[in-house]
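All residue numbers in the sequence shown are consecutive under the numbering used here, ending with 336.
Built from N, CA and C at the ideal position, the CB exists for glycine as well.
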Amino acid sequence: MSLLLTGGMGYIGSHTVVELLSRDQDVVIFDNLANASEAVLTRIEQITSRKPHFVKGDICSREDLEQVFSNFNIEAVIHFAGLKAVGESTEIPLSYYHNNVSGSVNLFEVMAKHHCKRLVFSSSATVYGEHNQSPLVETMPTSATNPYGQTKLMIEHILQDLAKSDPQWSIVNLRYFNPIGAHQSGLIGENPKGIPNNLLPYVAQVAVGRLAQLSVFGDDYDTPDGTGVRDYIHVVDLAKGHVKALNKLTDLPGCHAINLGTGNGTSVLEIVETFKAASGKDIPYQIVPRRAGDIATVFAEASKAKELLNWQTELDLSAMIADTWRWQSMNPNGYE
Ligand code: NAD
Ligand code: UDP
Numbered sequence: 001m002s003l004l005l006t007g008g009m010g011y012i013g014s015h016t017v018v019e020l021l022s023r024d025q026d027v028v029i030f031d032n033l034a035n036a037s038e039a040v041l042t043r044i045e046q047i048t049s050r051k052p053h054f055v056k057g058d059i060c061s062r063e064d065l066e067q068v069f070s071n072f073n074i075e076a077v078i079h080f081a082g083l084k085a086v087g088e089s090t091e092i093p094l095s096y097y098h099n100n101v102s103g104s105v106n107l108f109e110v111m112a113k114h115h116c117k118r119l120v121f122s123s124s125a126t127v128y129g130e131h132n133q134s135p136l137v138e139t140m141p142t143s144a145t146n147p148y149g150q151t152k153l154m155i156e157h158i159l160q161d162l163a164k165s166d167p168q169w170s171i172v173n174l175r176y177f178n179p180i181g182a183h184q185s186g187l188i189g190e191n192p193k194g195i196p197n198n199l200l201p202y203v204a205q206v207a208v209g210r211l212a213q214l215s216v217f218g219d220d221y222d223t224p225d226g227t228g229v230r231d232y233i234h235v236v237d238l239a240k241g242h243v244k245a246l247n248k249l250t251d252l253p254g255c256h257a258i259n260l261g262t263g264n265g266t267s268v269l270e271i272v273e274t275f276k277a278a279s280g281k282d283i284p285y286q287i288v289p290r291r292a293g294d295i296a297t298v299f300a301e302a303s304k305a306k307e308l309l310n311w312q313t314e315l316d317l318s319a320m321i322a323d324t325w326r327w328q329s330m331n332p333n334g335y336e
């Protein structure tokens, strides 16, 4: 029996592949390489001394999916595949709805046809919208402020309906907070195309000299130092959360939303200071106006994951930043 990881060549997927292979699981990666490099495969092999199966395919293609489900005996799916840039989603919303929502429906239909009804889905803290107060709890009302967030919310709703319609489904929607860091080997990490949108890859590229300076989006928020506060989580902890969720699926029928976060908030300026200390590099920055759509403070209530999955984070902020820096300095141009 194999596990299928859609989007398994990407940032979070590749770290999860490593965790699964090191637990002797048989892994099939299904990815169209829209936002990933094939070099990831060699790196995974270097870390684990094992080779996952790789199928180049698109979740929007029924034929591609049918083929992989016919060729492998898939017992469960972790569904990472999707487009994830918030800004881009407002410019090309139809591409986001097509790729993320239609592609996911395709996947769920093919899974049902092949009697594979165990699923872990990559959701996001973005589904808490802008009106809830942190710590964010799974029972809070959800909403979305951009097309990317809408796709996550729509898929969560589709999965709730699916589980209601057929009790054989076991589904966990993992709501990630802010994944950062990289594998300790420095061999795999986040590799954004073009200028990064997210804070950590931007800071890392300033530290390595690829970008001149960081723009800090606002210092007038109602937070201890005025800059935005987020719940940063080490990608290896996040990957381990997927292993725990997968193991739980066998005795967890229905559809469940679970936060994966640390429960702690860190400001932009704290990130800059920690990065400076870890890298020994200066991180020049300037304060610029707030970024549209940003909220002051986002962090998780993390107890449900502990109770239900027996999972909690193990790696602290200094490990997250040290590992980000190791990845960035060993691979100044990513996988190129
Ligand atoms: P990523 O872009 O590195 O990985 C996504 C992978 O999916 C890529 O390898 C890409 O090539 C692949 N893909 C995209 N469309 C596809 C398609 N139609 N068919 C097959 N493969 C396709 O992103 P990531 O950071 O690893 O995120 C993984 C998932 O987690 C995404 O669904 C993302 O929305 C979600 N998520 C990410 C974050 C974050 O901050 N990184 C936060 C919350 C949720
Ligand atoms: N941020 C920033 N400059 C950047 C990118 C991000 O000041 O170039 C801030 C942003 O306003 C937020 C935090 O860093 O307070 C995290 O932003 P990111 O885009 O990484 O995550 P998200 O906002 O989606 O949680």
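(message) Between residue 206 and the ligand UDP, is there a pair consisting of the residue's CB and a ligand heavy atom that are separated by less than 6 Å?
(response) no
Hey, residue 305 and residue 258: beta-carbon distance below 7 Å or not?
yes
Exercise for the section: Would you check if the distance between the CB atom of residue 242 and the CB atom of residue 16 is smaller than 7 Å? Expected result: yes
Would you say the beta carbon of residue 235 is closer than 6 Å to some non-hydrogen atom of the ligand UDP? no
Practice item. Taking only the alpha-carbon atoms, compute the straight-line gap between residue 317 and residue 232 and give it to the nearest angstrom. Key: 8 Å
Give a yes or no on whether the C-beta atoms belonging to residue 179 and residue 238 are separated by under 7 Å.
yes
Beta-carbon proximity list for residue 66, same chain, < 7 Å, skipping 5 on both sides | 110
Assign residue 244 to buried or exposed, taking buried as 16 or more other Cβ atoms, counted over all protein chains shown, within 10 Å of its Cβ.
-> buried
Please list the terminal residues of the continuous beta strand (DSSP E) segment that includes residue 61. Counting along the chain, residue 61 falls outside any beta strand (DSSP E), and DSSP gives it neither H nor E.
>> Quick check on residue 21: does DSSP put it in helix, strand or coil?
In response: helix
**Item:** Buried or exposed (CB count within 10 angstroms, at least 16 for buried), residue 236
**Value:** buried
Proximity of residue 58 and residue 181 at Cβ, strictly below 7 Å: no
| request: May I ask which residues mark the beginning and end of the beta strand (DSSP E) holding residue 286? | output: 285 to 288
Margin query: What would DSSP say about residue 210, mapped onto helix, strand or coil?
Written below: coil
Find out if the Cβ-Cβ distance for the pair residue 2, residue 28 is shorter than 7 Å. yes
Requested in this report: Assign residue 42 to buried or exposed, taking buried as 16 or more other Cβ atoms, counted over all protein chains shown, within 10 Å of its Cβ.
Outcome: exposed
Are the Cβ atoms of residue 123 and residue 152 separated by less than 7 Å?
yes
Locate the beta strand (DSSP E) running through residue 50, then write down its first and last residues. Taken as a continuous stretch (DSSP letters only), residue 50 belongs to no beta strand (DSSP E), as it is neither H nor E.
Worksheet entry | C-alpha distance - residue 101 paired with residue 133, whole-angstrom precision | 28 Å
* Asked: Using a threshold of 6 Å, is the CB atom of residue 192 nearer than that to any non-hydrogen atom of the ligand NAD?
  -> no
Taking DSSP as the reference, what is the three-state secondary structure of residue 176?
strand
* **DSSP state of residue 314 mapped onto helix, strand, coil** => coil
*asked:* residue 13 and residue 69 - do their beta-carbons sit closer together than 7 Å?
replied: no
Note to self: Relative to the C-alpha of residue 224, which candidate in 74, 5, 296, 125 has its C-alpha closest?
What the structure shows: 296
**Report entry** Of the residues 336, 300, 313, the one placed nearest residue 136, counting alpha carbons only
**Finding:** 300
Kindly indicate which three-state DSSP category residue 86 falls into: helix, strand or coil? helix
Given the structure, does residue 240 come close to the ligand NAD, in the sense that its CB is under 6 Å from one of the ligand's heavy atoms?
no
Is the beta carbon of residue 78 closer than 7 Å to that of residue 5?
yes
Next item on the list: Work out the CA separation of residue 32 and residue 187 for me, nearest whole Å.
Entry: 21 Å
For residue 209, the nearest candidate out of 279, 98, 217, 23 (CA to CA): 279
Would the stretch 168 to 176 and the stretch 284 to 293 be scored as touching if the rule is three or more Cβ pairs under 8 Å?
no
Cα-Cα separation between residue 192 and residue 312, rounded to whole angstroms: 27 Å
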